[in-house]
Amino acid sequence: MKGIPGSLLAVALICAGLLLSTGTPLFAEGSEPTTTAEPAGGNTLYLPLAQYDYLSLDSRVIHSPGAGLLVLSGESLFVGLYTRHTVEKKLPADYPDLYHALELVYDGRTNRHQYLAAFKSVSDQPVYGGLHTVQAAAVYGYEVISRDRLSLALGGGIAVGDFGIELSNGRSWPILPVPFIRMGWESRLLEASFEFITGPNLRATLAPESRLRLHGEMRMDEYRDIQDLIFESSLEYRLLSPDSPLGDLAGVSLGVKNDHYGFALGRGGREVDDNGSFEVGYYAYFASLDLSLLKITGGYAFEGRERYGDSNPVRTGDGYFLSIQGMIPIQGK
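With this note's numbering applied, the sequence shown covers 251 to 583.
Shown next, in the form of structure tokens:
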């Protein structure tokens, strides 16, 4: 999808991965399965959340504090997240050094009916900066297969954004139909899911009930070269047994990933065209400490690169990154 790199569905998965409260196992991302609790007795669970990401490369530094709210009610999830990205070290002329990210996702179901609505804007002028600064989608799916181990939901919906389709008057066509595919598999050996709306998302965990687990995920929102394949793989060890009095609340992991930031430039009299964009990507080796309500990840970042619009990537060197995510569960009626 042109304009903002990043899958809308990935937003829901990343935000759901922040959910690390006590209780029974449930899928999450962030990007690993972890533990969470479904609100008991039909109550609603509110989770104010905060995060801070920091990336330091030889010729680029990005600070990204953020805050939001995650709400769980029955089989429905809503998350809203705002992040402020500050880019340090000199950028080309007319490229701003401050960007705002607004992400809203609703994911719910009733029996076999599934609903997903998402909105995302990452720009120096979010929302009002033009159609290319916005992505939105609303889809419906029906679970055609519902078994103990296998589930499959199929459907479709519409997406709104700049898809690179121009009308005769030069304006972009803003609406496209999109498919909805959501498949899951659960067993003692493997938990896996595949989802497709604006792009494919594949996630898997080997030995999900073991204290030593192997996680993997990958997604691709557009293809220009192999670096557009966003992935993360990690080996995790849960420090406590689920049978312990404290429950399965802590774990450590080591892994490797390919990650990126993506921003769309809004209109505002600057010399870059309306569809200008700015991306920073990197590979990394990392270690992570998961303490349920607090998660800290950091490591060595290498082969940094950045891209302006449709230009070829420019190398930004090596460095390190740090990510801190935390939340406070509040039980509601």
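We put the beta carbon where it would ideally sit given N, CA and C, even for glycine.
Subject >> Contact belief for LEU586 with ILE431 at Cβ below 8 Å, rounded distance in angstroms >> reply: No information on residue 586 is available, as it lies outside the stretch 251 to 583 that the chain covers here.
Original post:
For LEU299, which of helix, strand or coil comes out of DSSP?
Top reply: By one-based count along the sequence shown, residue 299 stands at place 49. Strand.
Original post:
Can you pull the DSSP bridge partners for TRP435?
Top reply: Numbered from 1 along the sequence shown, position 185 holds the residue referred to as residue 435. Per DSSP, LEU400 and ALA442.
Subject >> Option nearest GLY391 by Cα separation, candidates ARG399, LEU417 and ARG359 >> reply: The count along the sequence shown starts at 1 and reaches residue 391 at position 141. Among ARG399, LEU417 and ARG359, the Cα nearest to that of GLY391 is on ARG359.
Original post:
Taking the DSSP output, what are the residues bridged to PRO427?
Top reply: Counted from its first residue, the sequence shown places residue 427 at position 177. Its beta-bridge partners are ILE408.
Original post:
What do you get for ILE425, buried or exposed, if any count of 16 or more other CB atoms within 10 angstroms of its CB means buried?
Top reply: Within the sequence shown, residue 425 is the residue found at index 175, counting from 1. Looking at its Cβ environment, which holds fewer than 16 other Cβ atoms inside 10 Å, ILE425 is exposed.
**OP:** May I have the straight-line CA-CA distance separating GLY379 from ARG517, to the nearest angstrom?
**Re:** Translated into positions along the sequence shown, residue 379 becomes position 129. Translated into positions along the sequence shown, residue 517 becomes position 267. In a straight line, the C-alpha of GLY379 is about 5 Å away from that of ARG517.
**OP:** Output the boundary residues of the beta strand (DSSP E) element that contains MET468.
**Re:** Residue 468 sits at position 218 when you count from the first residue of the sequence shown. MET468 -> beta strand (DSSP E) spans 462-469.
Original post:
With respect to the beta strand (DSSP E) encompassing SER484, which residues constitute its N-terminal and C-terminal limits?
Top reply: By one-based count along the sequence shown, residue 484 stands at place 234. Segment 480-488, the beta strand (DSSP E) holding SER484.
Original post:
Near LEU462, what residues of its chain come up, given a Cβ to Cβ distance below 7 Å and the 5 sequence neighbours on each side ignored?
Top reply: Translated into positions along the sequence shown, residue 462 becomes position 212. If you ignore the 5 residues before and after LEU462, its C-beta comes within less than 7 Å of the C-beta of TYR487, all in its own chain and listed in chain order.
**OP:** Spell out a yes or no on whether the segment 497-516 and the segment 533-547 are touching, meaning 3 or more CB-CB pairs, one atom from each, closer than 8 Å.
**Re:** Flag = yes, the segment 497-516 and the segment 533-547 touch.
**OP:** Could you tell me if SER491 is buried or exposed, where buried requires 16 or more neighbouring beta carbons within 10 angstroms of its beta carbon?
**Re:** Residue mapping note: residue 491 aligns to position 241 of the sequence shown, counting from 1. Exposed.
**OP:** Mark LEU348 as exposed unless 16 or more other C-beta atoms lie within 10 angstroms of its C-beta, in which case mark it buried.
**Re:** Working through the sequence shown from its first residue, we reach residue 348 at position 98. By the neighbour-count criterion, in which a residue is buried when 16 or more other Cβ atoms sit within 10 angstroms of its Cβ, LEU348 is exposed.
Original post:
So, LEU499 versus LEU485, is the Cβ gap smaller than 9 Å?
Top reply: Indexing the sequence shown from 1 puts residue 499 at position 249. Indexing the sequence shown from 1 puts residue 485 at position 235. No.
Subject >> Nearest neighbour of SER326, chosen from GLU441, ILE415 and ASN361 [CA to CA] >> reply: Position 76 of the sequence shown, counting from 1, holds the residue named residue 326. Of GLU441, ILE415 and ASN361, the smallest CA-CA separation from SER326 is found for ASN361.
Original post:
Nearest to ILE574 by alpha carbon, out of SER460, ASP493, ALA409 and ALA317?
Top reply: In the sequence shown, counting from the first residue as 1, residue 574 sits at position 324. Ranking SER460, ASP493, ALA409 and ALA317 by Cα distance to ILE574 puts ALA317 first.
**OP:** Mind checking who GLN364 pairs with in its DSSP beta bridge?
**Re:** Against the sequence shown, residue 364 aligns to sequence position 114. Note: GLN364 sits in a beta bridge opposite ARG359 and GLY391.
Original post:
Smallest Cα separation from PRO579: which of HIS313, LEU322, ILE312 and SER309?
Top reply: Mapped onto the sequence shown, residue 579 falls at position 329. For the residues HIS313, LEU322, ILE312 and SER309, the minimum Cα distance to PRO579 belongs to LEU322.
Original post:
In whole angstroms, what is the alpha-carbon distance linking TYR302 and ARG421?
Top reply: Counted from its first residue, the sequence shown places residue 302 at position 52. Counted from its first residue, the sequence shown places residue 421 at position 171. Their backbone Cα atoms lie some 37 Å apart in a straight line.
Original post:
Quick one: what's GLU416 bridged to in DSSP?
Top reply: In the sequence shown, the residue the question calls residue 416 occupies position 166. As a beta-bridge residue in DSSP terms, GLU416 pairs with SER422.
Original post:
Hey, ALA367 and ALA343 are a contact pair by Cβ (cut 8 Å); roughly how many whole angstroms apart?
Top reply: The residue labelled residue 367 in the question sits at position 117 within the sequence shown. The residue labelled residue 343 in the question sits at position 93 within the sequence shown. 38 Å between Cβ atoms; not a contact.
Subject >> chain B contact for ALA368 (CB, 9 Å cutoff) >> reply: This model lacks chain B altogether; it includes just one protein chain.
Original post:
Does any heavy atom of the ligand ZN sit closer than 8 Å to the C-beta of ALA387?
Top reply: Annotation note on the ligand ZN: not contained in the displayed structure, which lists no ligands.
Original post:
In whole angstroms, what separates the C-alpha of THR547 from that of ALA351?
Top reply: Position 297 of the sequence shown, counted from the start, is the residue given in the question as residue 547. Position 101 of the sequence shown, counted from the start, is the residue given in the question as residue 351. Between THR547 and ALA351, the C-alpha separation is close to 21 Å.
Original post:
Apart from the five residues just before and just after GLY615, which ones in its own chain have a Cβ nearer than 7 Å to its Cβ?
Top reply: Residue 615 falls outside the range modelled here, since the chain spans only 251 to 583, and no answer is possible.
Original post:
Thinking C-beta only, is ILE415 closer than 9 Å to VAL428?
Top reply: For the purposes of this step, residue 428 is taken as residue 178 along the sequence shown, with counting starting at 1. For the purposes of this step, residue 415 is taken as residue 165 along the sequence shown, with counting starting at 1. For the pair VAL428 and ILE415, the CB atoms are not nearer than the 9 Å cut-off.
Original post:
Going by DSSP, which residues form a beta bridge with THR336?
Top reply: On the sequence shown, position 86 is the one that residue 336 refers to. In the DSSP output, where bridge partners are listed per residue, THR336 has HIS313 and LEU348.
Subject >> Residues near GLY549 by beta carbon distance below 7 Å, same chain, minus five either side >> reply: On the sequence shown, residue 549 is found 299 positions in, with the first residue counted as 1. Correct list, in chain order: ALA534, TYR535, PHE536, ALA537, TYR570 and PHE571.
Subject >> Beta-bridge pairing of LEU544 - partner residues as DSSP gives them >> reply: Locating residue 544 in the sequence shown gives position 294, where the first residue counts as 1. Note: LEU544 sits in a beta bridge opposite GLY576.
Subject >> Top-ranked residue by Cα proximity to TYR332, from SER373, ALA442, GLY324 and LEU307 >> reply: One-based indexing of the sequence shown puts residue 332 at position 82. When C-alpha distances from TYR332 are compared across SER373, ALA442, GLY324 and LEU307, the shortest belongs to SER373.
Original post:
Closest by CA to GLY559, which one among PHE528, ASN293 and LEU417?
Top reply: Residue numbering aside, residue 559 sits at position 309 when the sequence shown is read from its first letter. It is PHE528.
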